Amino acid sequence: MLNRRQFLLVMGALGALAGLPKSRSRAETSGIQFGTAKPFSFDELKRRAKTMATRPYEEPLVRHDEVLESIDYDAFQQIVFKRERGLGEDGSVNFPAQFFHLGRYFKVPVKVHALEDG
63 MLNRRQFLLV MGALGALAGL PKSRSRAETS GIQFGTAKPF SFDELKRRAK
113 TMATRPYEEP LVRHDEVLES IDYDAFQQIV FKRERGLGED GSVNFPAQFF
163 HLGRYFKVPV KVHALEDG
């Protein structure tokens, strides 16, 4: 039986996956560089969530803190993301994902997984 923490983790992952591209070929035309493709398993996702839920929280490693701290609000506003490089900006999904640069208030990068044909 899933506890609340596991349920929220799984539901968050499913919600994120709902708006991702259905076809990798469409996403590749927008200039996104994907890593090596791996088969997706919902059972594996649940297993990983369960394992993570048993471990104590680990503070993420912040790299280049001095540089990121120097990117204040005004500097952050000058960093412009190329909209056409967003995940799903080619019209292949209902809810495209736009990415943002790290900065003073966002120091830890996240991994984004795209599920195709799911």
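If you want the working numbering, it's the position in the sequence shown, counting the first as 1, plus 62. Every residue gets a Cβ at the ideal spot worked out from N, C-alpha and C, and that includes glycine. Predicted model, so just to flag it, every value in this text is computed and none were measured.
Item                                                                                                                         : Value
Where Ala176 sits in the DSSP three-state scheme                                                                             : coil
Ser103 to Asp136 span [Cα, whole Å]                                                                                          : 42 Å
Distance between Phe143 and Ala111 (C-alpha atoms, nearest Å)                                                                : 31 Å
Cβ contact (3+ pairs, closer than 8 Å) linking the segment 119 to 133 and the segment 159 to 171                             : yes
Ile141, buried or exposed, once every other Cβ within 10 Å from all chains shown has been counted against 16                 : exposed
Where Ala137 sits in the DSSP three-state scheme                                                                             : helix
Identity of the residue in Ala99, Asp105, Glu120 nearest Glu178 by Cα                                                        : Ala99
Chain-order list of residues whose beta-carbon lies under 8 Å from that of Arg109 (same chain, five-residue window excluded) : none
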